[in-house]
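Numbering (UniProt numbering), first residue to last: 1 to 433.
Listed below in structure tokens is the structure:
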């Protein structure tokens with residue numbers, strides 16, 4: 001347990017800005033309710049910061065909330081990875097990562113052999129992805145607006161279907177509608193959607209529900225055990241990507257938190273990890289990432305979404321923006337153009353097509369708008385920190401899907417020498433062991 005009085009490295013500050021943190025994104029209007037008040041209401045601190053297996057950062061600024069800061073009753077301390085993330089900026093400045101990129105797979109719970117999640121900084125895990133991907137610009141909007149997206153990861157759903165064991169699929173969408181959603185890994189549910197969508201789910205499933213008033217999944221739908229319901233849910237995106245969430249990842253035992261901090265399951269009830277919203281943006285929360293894998297590239301201004309491969313295997317790939325990729329020649333990785341990069345109109349709004357679905361090489365999971373080339377070293381966090389080189393890449397074509405106003409061109413994936421070279425810029429060598 002941390003003890004401020006006994007710590008030799010901890011220094012208090014009036015707030016996170018005085019501690020050296022960045023206020024910019026905290027002030028961004030589209031943040032969730034309590035986030036907007038964090039700078040003036042929270043205390044600040046300076047201390048050493050280390051994630052397990054990662055490099056230690058000296059004199060790192062912390063914010064210490066003194067009041068509720070979001071509307072989902074978070075039970076974990078948040079790690080800010082936004083556009084002006086103090087942590088990502090510090091890692092980049094220290095030469096520990098070559099780009100402000102992060103990717104996440106939430107893992108799988110409530111199964112016989114639970115699967116740990118994975119957070120990667122500086123790249124992504126190609127073993128955790130399957131098939132085609134969807135790459136789009138980060139587009140931020142106001143949290144108070146029904147079409148807002150404070151994370152920038154905005155997608156359009158054309159359908160959500162209930163998948164019964166016998167093979168029957170039934171849509172919960174009102175006829176002729178689509179739904180714009182904001183992907184938010186910090187959200188504690190699978191789906192928050194307007195009332196008509198949720199009522200359709202209840203009607204089709206035949207489940208009698210109420211709302212959970214407490215517990216780990218506050219405000220989720222809740223039902224008893226009187227009716228069996230084993231169907232999956234498949235989310236259809238306008239890019240053509242389909243994400244199927246298993247039943248056991250959104251219909252789960254009710255979980256509460258005991259006074260000693262432990263989690264207690266109530267097997268007499270089931271939480272259904274969806275709920276309705278009225279004037280707020282629809283959300284795809286963390287349990288969407290039990291079946292999807294997302295990567296955010298702040299330097300390129302894009303995010304990329306795949307179907308997740310729920311596996312314990314790991315193969316980390318570095319990702320860089322164009323500027324960083326040009327600084328070094330003989331270390332391989334992925335260079336991803338920025339969202340403003342445009343190409344021929346004939347290639348716009350096309351889903352990724354030259355991608356194998358089961359390949360173990362990078363060509364099986366190449367990022368839309370990216371090329372494999374010579375790039376600088378990086379430190380990636382999966383279950384720990386891994387320093388690595390990828391030595392061979394197979395040639396393939398990629399196509400990119402961008403929403404209406406964005407156009408990108410096709411590029412080739414080149415086979416490159418993965419041997420590191422001596423470089424005078426020490427920060428470019430920092431991540432290579």
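We treat Cβ as the ideally placed atom computed from N, Cα and C, and that holds for glycine. This one's a predicted model, so the numbers in the text were calculated from it and none came from an experiment.
Are the beta-carbon atoms of residue i and residue j separated by less than 8 angstroms?
i: residue 108; j: residue 310; result: yes
i: residue 179; j: residue 207; result: no
i: residue 221; j: residue 272; result: yes
i: residue 219; j: residue 211; result: yes
i: residue 63; j: residue 42; result: yes
i: residue 287; j: residue 245; result: yes
i: residue 285; j: residue 190; result: yes
i: residue 183; j: residue 204; result: no
i: residue 110; j: residue 248; result: yes
i: residue 81; j: residue 301; result: no
i: residue 305; j: residue 124; result: no
i: residue 235; j: residue 160; result: yes
i: residue 19; j: residue 45; result: yes
i: residue 98; j: residue 332; result: no
i: residue 231; j: residue 162; result: yes
i: residue 449; j: residue 298; result: Residue 449 cannot be examined here, being either before or after the span of the chain that is shown, 1 to 433.
i: residue 175; j: residue 308; result: no
Can you tell me whether residue i is helix, strand or coil according to DSSP?
i: residue 249; result: helix
i: residue 168; result: coil
i: residue 201; result: helix
i: residue 178; result: coil
i: residue 52; result: coil
i: residue 65; result: coil
i: residue 305; result: strand
i: residue 434; result: Only positions 1 to 433 of the chain appear in this structure, which leaves residue 434 out of reach.
i: residue 90; result: helix
i: residue 44; result: strand
i: residue 17; result: coil
i: residue 325; result: helix
i: residue 207; result: coil
i: residue 241; result: coil
i: residue 81; result: coil
i: residue 216; result: coil
i: residue 189; result: coil
i: residue 11; result: strand
i: residue 151; result: coil
i: residue 3; result: coil
i: residue 337; result: coil
i: residue 436; result: This structure gives no information on residue 436, because the portion of the chain shown stretches from 1 to 433.
i: residue 57; result: strand
i: residue 196; result: helix
i: residue 38; result: helix
Taking all protein chains shown into account, do 16 or more other C-beta atoms lie within 10 angstroms of the C-beta of residue i, making it buried, or fewer, making it exposed?
i: residue 226; result: exposed
i: residue 198; result: buried
i: residue 296; result: buried
i: residue 59; result: exposed
i: residue 56; result: exposed
i: residue 15; result: buried
i: residue 192; result: buried
i: residue 170; result: exposed
i: residue 253; result: exposed
i: residue 155; result: buried
i: residue 239; result: buried
i: residue 237; result: buried
i: residue 276; result: buried
i: residue 147; result: exposed
i: residue 116; result: exposed
i: residue 279; result: exposed
i: residue 223; result: buried
i: residue 8; result: exposed
Residue i and residue j look like a contact to me (Cβ under 8 angstroms); what is the Cβ gap, rounded to whole Å?
i: residue 126; j: residue 319; result: So it is not a contact: roughly 11 angstroms between Cβ atoms.
i: residue 122; j: residue 140; result: Contact doesn't hold; Cβ gap of about 23 angstroms is too wide.
i: residue 120; j: residue 106; result: Not really, about 13 angstroms apart at Cβ, beyond 8 angstroms.
i: residue 61; j: residue 86; result: 6 angstroms
i: residue 130; j: residue 289; result: Going by Cβ atoms, the distance from residue 130 to residue 289 rounds to 14 angstroms, so no, they are not a contact pair.
i: residue 303; j: residue 136; result: 6 angstroms
At what residue ranges does the region 107 to 146 contain a whole run of the beta strand (DSSP E), taking only runs of 3 or more?
118 to 121, 123 to 125 and 129 to 137
With a floor of 3 residues, list each beta strand (DSSP E) that falls wholly inside the region 270 to 300, ordered by position along the chain.
274 to 277 and 292 to 297
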